[in-house]
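As you go down the protein sequences, you meet chains A and B in turn. All residue numbers for the first sequence refer to the working numbering, where the first residue is 658 and numbers rise by one. All residue numbers for the second sequence refer to the working numbering, where the first residue is 878 and numbers rise by one. Idealized CB from N, CA, C, for every residue including glycine. The structure displayed is predicted, hence computed values, not measured ones. Some notes on the structure that comes next.
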Amino acid sequence: MSVEISVSSWGDPHVVRFREQMDAEVQPLYAHLRDRVPPVVVDESTIIVTLVAAIDGEPVGTVALKQTGPYVEVKRLYVAERGRRVGVAGALMGAIEGEALARGVRELFLQTGSAQPNAMALYERDGWIPTAPYGPYAGDELLSRCYVKSLVRPFIAALVRPDGSVDRTLEEIEALDDSGADLAILADAPLAGGTAGLDTPMLAGAAAANTRRIALAPRIDTIHTEPFNVAKAVQTVDWTSAGRAAWVAAASTSEADARAVGRREAPAAESAWAEASAVIDAVRALEDSWEDDAEIRDVATGRFIDKDRVHRVNIETEFFSVVGPSIVPRSPQGRVPLLVEVDGDGPALEVAASAADIVRAATPELARLVRERAARPLTVLIDVDPALAPRAPHERGESEAVAAYAADRRALAGADGVVFTAPAADTIRAAAGGTKEPQTLRERLGLPRPASGYAKENAR
Amino acid sequence: MTKRTMHLGAHFPGVNQTTIWNRPESGSQIDPASFTRFAQSAERGLMDLMFLAEGLRLREHAGEIHDLDVVGRPDTLVQLAQVARQTSHIGLIATLSTTFNEPVEFARQLATLDALSNGRAGWNLVTSHGSFFGANFRRGGYLADEDRYERARAFADAAIALWDSAASGAEVRVRDRFFDLAARPSAPPMPQGRPVIMQAGLSPEGRDIAVRYAETVFSPFLTGSAADAYASDLRARLVAAGRPEDGIKILASASFALGDTHEEAVEQARRDQRDQVSPATAVRYIESIWGRRFNDLDAEGPLPPLSDVVDGVELTAGRAKMHQDQRGRAAELIERAEAERLSVRDIVIRATTFGAPLVGTPAEVARMMDEHVQSRACHGFMLIPTITPTGLDRFVDEVVPELQNRGVYRTEYEGTTLRDRLA
């Protein structure tokens, strides 16, 4: 006996008949609730694919994949009597996950009913985790029992807020590394003071000493710092972490910061981000200013470097100028990935769309907006505050509740990953699925290592 | 009478014209593992501190990037932040300019280093010359050379005010010729309260800075009348300022060459010099004195004539000016080379300070160092090895025990902070 799965259609007579059988079996279970939960009407155009399972050519079950707003759902899993207890349900679920994965779906959802414990047990055995009722079922805790499964391991970032205790902060980063998180975003404290902050590139350099795998993204203000210094700090974080660096470009508009530094007035947001953008360009030029093979150690001619492969950048902007080259040779990643944080539809979003490698979005709407504006490949991360995770009626613990909430946020945002804005170690450990070998951040993001722009000039 | 004990610093070789880069054991000047290796070796030798120099722009010669010496270095602060977590005792000295930094960010950085290292942060306070370095910074060559030290003092005062207010959290207001700022401390509490301040440089203004702020200085004079004069001048200035006359620990710049016999050490020093002064380096040195390029000068041949000197041309940019009187210096070299029949390369080897002043067996070197310290020419040494990152190893293994046997060097680390070590 072998189970064959094939693509069918929502209107296939076998499929229609299976749905009728399913309704006949299931609806009596909810007869007492009929008045309180309106039936869901399926718009056929939202069905992505329908599968049928057959044994010896005879159809015995079906399942479908459906687009429901931002969610992709498994719908109408049904196995007729002849297919039960022989693995047909599992085979259908495996096949529908494959269909979803092939279409680039990262998070898969499903809704079943509170009176179907056998179905719930099946899903839970198969790695589905309880989630609060989503989309059309939101608020229905009476009938709906919803589940989510991540088909793709998400990119996992966490926000670290140094509190002035270096030991505590470094322990937090080491614990994140241990749990398998991909990236720690190191928040800075205002230059104006009042809270104990650490210099974030230095913190990253220190954290790199005792971590193996996690990437480190210091947040760096571009307004009150020197572009030349920003580049050498970012490049050095990359050297000291063997290619695990990112950096977060920030643009201070705070009057208090401006007063503390005492060199200039605080710029308005528009101007601040125009300047940040110029600093980003300068950092990238300085990162390229040494070609990869500039160091030659040629004893015959006595030359340590080939000076034709080390370049002045000669950057002139309305904000600053930098001659270069960097004092730091090209770092392991060549150009360190840039992260831009977006918490509104403003100039930061424009810079994120045009220049960032990674975007941290505060809301799902902003995440979708920045991807739409960017119109290029981009890693988008959505904020997840574990404290806001809703509890499902059938939840099995806080860490799973947070994981389900994170999956829900990713689906809403169409995001590649998350930024946990508060500690979520158990959730991270489960989602990371064990630690992996060290990689550069570019490798982890699937970004090729770029050649120096100056090397291309030489080749021409 | 008890003997005066000795302090030792370790200058990371890296970007330095004395660093030898062409031997099999010559390692990377940028790989972080080199810094770890060097720091741990210095710590094994119970040294007071490890020192990183600053680079704000690559050196240039005749308008092009100087390509004959080791070049390319990490950001000092980020690198030392990492070394801080890989070591437990050694002080970490960052050379940082008062010209192209701002006090608020700078104060936080040093506070971060002190916190990361549990009280081992040090600042080598330097000023930077005008427009060459300024071209990499927002303000360009904004500061007249004669104002460099006045800004340095204002800068140090502002940074110190910020460090001192960390405990109370009180707002610091600075308003002077250079700064107009108001900030509350934004840094973690510093185990040392303030970093240890180091100064290097011999000008009267530099010495004033040292007496005002420094607890240690990096001196170019190892021995002789210049060293004695410098040490007694500093003592006099300290006393005049109401500080103890040993309030500043003088670390004399010291390169070294060791051998199992004296002859072997001399031979080692000779090999080092030839590796430091390649034919191309010798020609370039002559170009910088003659003020012009010599595309076909043979390093094994004679010096060019005095008539070739072009006055007033400074070919080298990106390091301290080497020669005030180029023509006079050229005449001196020509005379000596002719008298001793020396080639371009040989006269450059003789003329430069690249030669190792501490040459001998470990016991001989230890005795020389002891004598310099007992004579009050200095309080210790800034060792400048020639090989990255292993250049300190033989010194640690063979000279340090000799110093300990002479009773002039610690046998274990005392105290916990860099300031404790220098006391």
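Which value, in whole angstroms, describes the spacing of the CA atoms of residue i and residue j?
i       : j       : result
A:A795  : A:A1058 : 15 Å
A:Q768  : A:M679  : 15 Å
B:Q1076 : B:V1094 : 5 Å
B:R1283 : B:G1268 : 23 Å
B:F1272 : B:T1138 : 15 Å
B:V1051 : B:A1035 : 7 Å
A:T958  : A:T868  : 41 Å
B:A887  : B:T1265 : 12 Å
A:T882  : A:L808  : 42 Å
B:T1294 : B:I967  : 9 Å
B:R997  : A:Q724  : 60 Å
B:M924  : B:R900  : 26 Å
A:R969  : A:E948  : 12 Å
A:V1075 : A:I1039 : 5 Å
A:Y780  : A:A1068 : 19 Å
A:V743  : A:V709  : 15 Å
Cα-Cα, which of the options is closest to residue i?
i       : options                               : result
A:V717  : A:Q724, A:R676, A:I704 and A:V683     : A:R676
B:E1191 : B:E1164, B:G1237, B:P1066 and B:T1093 : B:E1164
A:A863  : A:D845, A:A1079, A:V894 and A:A815    : A:V894
B:R1206 : B:L1180, B:E1217 and B:A1194          : B:L1180
B:R1148 : B:V1160, B:L1135 and B:Q917           : B:L1135
B:H943  : A:A951, A:K806 and A:D783             : A:A951
B:A1108 : B:A1118, B:D1123, B:A1117 and B:G1119 : B:D1123
A:A942  : A:G1003, A:F885 and A:E927            : A:F885
A:R763  : A:A915, A:D1083, A:P1105 and A:D1065  : A:D1065
B:L969  : B:A1038, B:V1073, B:V1277 and B:E1027 : B:V1073
A:E682  : A:G770, A:L1023, A:Y804 and A:A1070   : A:G770
A:S978  : B:R1016, B:T976 and B:L973            : B:R1016
B:L973  : B:Q963, B:E1177 and B:V955            : B:V955
B:D1024 : B:N1013, B:G949, B:A1064 and B:G1007  : B:G1007
B:L1183 : B:W1167, B:F1032, B:V1160 and B:V1242 : B:W1167
B:F1014 : A:P1107, A:N971, A:I953 and A:P670    : A:N971
Per DSSP, what are the beta-bridge partners of residue i in this structure?
i       : result
B:N978  : In the DSSP output, where bridge partners are listed per residue, B:N978 has none listed.
A:Y794  : Answer is none; A:Y794 lacks a bridge partner.
A:I877  : A:A906
A:F766  : A:E730 and A:V805
A:T1036 : A:I1015
A:T725  : A:Y728
A:G718  : A:A710 and A:V736
A:L690  : DSSP output for A:L690 lists no bridge partner at all.
A:G991  : A:S988
B:K1126 : B:T1093
B:A988  : BP columns for B:A988 are empty, so no partner.
B:A1194 : B:E937
A:T788  : A:C803
B:A887  : B:M927 and B:L1260
By the DSSP assignment, the beta strand (DSSP E) with residue i in it spans what residues?
i       : result
B:W1000 : A998 to V1003
B:V1225 : That residue, B:V1225, is in no beta strand (DSSP E); its alpha helix (DSSP H) goes V1221 to A1228.
A:K889  : Here A:K889 belongs to no beta strand (DSSP E); instead the alpha helix (DSSP H) covers P884 to T897.
A:L996  : L995 to V999
B:S994  : No beta strand (DSSP E) holds B:S994; DSSP gives it neither H nor E.
A:E661  : V660 to S665
A:F675  : Note, A:F675: premise wrong, no beta strand (DSSP E); alpha helix (DSSP H) at P670 to V683.
A:L843  : L840 to L843
A:A915  : From DSSP, A:A915 is part of no beta strand (DSSP E) but of the alpha helix (DSSP H) over E912 to V918.
What first and last residue would you give for the alpha helix (DSSP H) that runs through residue i?
i       : result
A:P1004 : P1004 to A1012
B:Q906  : That residue, B:Q906, is in no alpha helix (DSSP H); it is neither H nor E in DSSP.
A:F961  : A:F961 -> not in any alpha helix (DSSP H); beta strand (DSSP E) instead, spanning R960 to I962.
A:K1093 : Looking at the DSSP string, A:K1093 is not in any alpha helix (DSSP H), and its letter there is neither H nor E.
A:I953  : Per DSSP, A:I953 belongs to no alpha helix (DSSP H); it is in the beta strand (DSSP E), E952 to D955.
B:H1139 : H1139 to Q1153
B:R1165 : According to the sequence displayed, residue 1165 of chain B carries Ser and not Arg. Element bounds for B:S1165: P1156 to W1167.
A:G862  : T857 to A866
A:G751  : V745 to A759
When every heavy atom of the ligand ADP is checked, does at least one fall within less than 8 Å of the C-beta of residue i?
i       : result
B:D1270 : The ligand ADP is not part of the structure shown, which contains no ligands of any sort.
Query - Segments of 4+ residues assigned as alpha helix (DSSP H) that fall wholly inside the region 916-982 of chain B - result: Within the region 916-982 of chain B, the runs of alpha helix (DSSP H) that reach at least 4 residues and sit entirely inside it are, in chain order, 953-963.
Query raised in the report: Enumerated in chain order, which unbroken segments of the beta strand (DSSP E) with a length of 3 residues or greater are wholly contained in the region 1058-1112 of chain B?
Result: Within the region 1058-1112 of chain B, the complete beta strand (DSSP E) runs of at least 3 residues fall at 1073-1077 and 1093-1096.
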